[in-house]
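Visitor:
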Amino acid sequence: MAAPTDPAPNAAERLIAFTIGGSYWLWLVGGLYMAGPLLGWALAAMAVRATYLAPALPQAERPGTLPVQLWAWLLGMGAMLCILLVAHANFSLGAGQTIKSAVGWAKGWALLGLFPFAGYALPIRLSVLARAVCRLGRQTLILMPLFLAAPYIHLPSILWVSPLKVLGGASDEFFAVVLYTIDPEIGVARWQFFAPWSPAAGMVAMIHFLIAREERKPGWRWMGYIASVLMAVLSQSRMALVALAIIIPITMVAGRLGKANTWFAFAPISLLAGWLLPQLAALSEQGASSFNGARASSSRVRATLGRIAVERWQHEAYWFGHGIVERGPHLVEYMPIGSHHSWYGLLYVKGLLGVVSLGIPMVASLIGCVFAATQGRYGRLALSMSLTYWLYSFGENLEVLTYISWPALLALGIGLRLQGQPEPAE
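Each number in my numbering corresponds to the 1-based position in the sequence shown with 612 added.
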């Protein structure tokens, strides 16, 4: 008897596979920055049709009731736009700047609500997403010799900056084709692949590693693993290495919270932790010091940017923020105020209400995903995506990187939709 074959991909799955598979081609022409937002809005339109405009769809293709945490994402990101408009009015930034910022919202914050919604509402198979990520991993492995050799055969660091930068972006970094960079602090090469900077490549590597775990064929799965780990190591991102070390164990423990023996196991562990609390605190402090000392100047700049953001938020724009990003002084190498940290950036640009608009969905998503993790493998995937976003919210501006980190948001929605369903055989 012939082995059963998977159904042909639907329209949404084809768009997803095409966008992920074309990442390097889009990067070469400077189109990657626009591809993610276009995909997010296209999938959202499909999801709205499937949810509200197509009652004749077969029951198997119709989405269930949207979970509270996904409503929180949609409403929270909608609130971001309202806050933006009020802040622009408060500082009299003008119609042109307001329109530009609204377009920026559509390319960033809005996607944090649209991709999970699409993943939940559309019949997107996790196997399609995982295979697309692993195929991209194969491309990374094929290109790896070129990336590694580039600094040693003296190829230029930046090949070109795409003319598509006229379409808008925070800087040329989003449209530049960069083979490698040289870390000014330690003088060694770092790689960022198709990301705008090296730590962002580490975030993508972490997301792709977690999604590759859902690939059913070992050959493809290990290709995804190897490519992701190489990206994380070569990006020299401290955050990526920390994420790889802690997120999978946390999701495994969370998946067993519904079992009585897990709680019995916690009792002696808690007792032991109480005895060793002083030593654990010292070890934690030493680890944090080593983490920051790995790139002392980078950590100093990040901390200073955060202090400037908090001080100016408190004294100038408490509720709605300043509305736009501003560059800092020479002391912070003219980096944007509040960059490298979603919460400081939000305080500065969108004030306390902006922090609340992100904080509520993040907390609701984490709580919902912890419960989902107890229901099986798909729930654990959703939790791992939520934890990744929590971790990186303290090291990156999430909305700026949504154009390449969107597979995590899509997997979050898919995992919540599939929680509790039987897992496929290998």
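Here a beta-carbon is modelled for each residue, glycine too, at the ideal position from N, C-alpha and C.
For F759, which residues in the same chain have their Cβ closer than 8 Å to its Cβ, ignoring the five residues on either side in sequence?
Guide: Cβ within range, chain order: L791, Y792, W803, F805, L846.
Visitor: Can you tell me which of the three DSSP states A900 falls into?
Guide: Confidence in A900 is poor, its pLDDT being 47 and thus under 50, which makes the residue's placement unreliable; the coordinate value appears in the next sentence. Of the three classes helix, strand and coil, the one that applies to A900 here is helix, per DSSP.
Visitor: Please return the same chain residues whose Cβ sits closer than 6 Å to the Cβ of L1003, not counting the five positions on each side in sequence.
Guide: So the qualifying residues of the chain are A855.
Visitor: Could you pull out every unbroken alpha helix (DSSP H) segment of at least 4 residues lying fully inside the region 820–852, listed in chain order?
Guide: Listed in chain order, the complete alpha helix (DSSP H) runs (minimum 4 residues) inside the region 820–852 are 830–847.
Visitor: In or out: G578 buried (at least 16 other Cβ within 10 Å) or exposed?
Guide: Nothing about residue 578 can be read from this structure; the chain reaches only from 613 to 1038.
Visitor: According to DSSP, is R626 helix, strand or coil?
Guide: Reduced to three states, the DSSP call for R626 is helix.
Visitor: How do the region 745–755 and the region 618–633 stand: do at least 3 beta-carbon pairs fall below 8 Å, yes or no?
Guide: Segments in contact, yes.
Visitor: Going by the CB atoms, is the gap between Y732 and R1081 shorter than 8 Å?
Guide: With the chain running from 613 to 1038 in the structure shown, residue 1081 is simply not present.
Visitor: For the region 815–823 and the region 851–866, state whether three or more C-beta atom pairs, one from each stretch, are separated by less than 8 Å.
Guide: Segments in contact, yes.
Visitor: Flag C746 as yes if its beta-carbon sits less than 8 Å from any beta-carbon of chain B, otherwise no.
Guide: This model lacks chain B altogether; it includes just one protein chain.
Visitor: Buried or exposed: where does K962 fall if 16 or more other Cβ atoms within 10 Å of its Cβ makes it buried?
Guide: Classification of K962: buried, given that the 10 Å Cβ count is 16 or more.
Visitor: Which of helix, strand or coil does DSSP assign to I695?
Guide: Three-state result, I695: helix.
Visitor: Per DSSP, which residues does V641 bridge with? Please list them.
Guide: Partner(s): none; V641 has no beta bridge.
Visitor: Among residues of its own chain, excluding the 5 on either side of L1022, which ones have a beta-carbon nearer than 6 Å to its beta-carbon?
Guide: Within the same chain, L1022 has close Cβ partners F727, G731.
Visitor: Can you tell which of R626, A976, L970, S849 has its C-alpha closest to the C-alpha of P735?
Guide: If we check each option's Cα against that of P735, R626 comes out closest.
Visitor: Go to W772, then tell me how far its beta strand (DSSP E) extends in each direction, as first and last residue.
Guide: Counting along the chain, the beta strand (DSSP E) containing W772 begins and ends at 770–773.
Visitor: Looking only at DSSP bridge pairs, what is V789 linked to?
Guide: Answer by DSSP bridge pairing, in chain order: W772.
Visitor: Under a Cβ-count criterion, where at least 16 other Cβ atoms within 10 Å of its own Cβ denotes burial, should I754 be classed as buried or exposed?
Guide: Under this definition I754 is an exposed residue.
Visitor: Would E923 be called buried (16 or more neighbouring beta carbons within 10 Å of its own) or exposed?
Guide: When all chains shown are included, E923 counts as exposed.
Visitor: Kindly indicate which three-state DSSP category A929 falls into: helix, strand or coil?
Guide: Note: A929 maps to coil in three-state DSSP.
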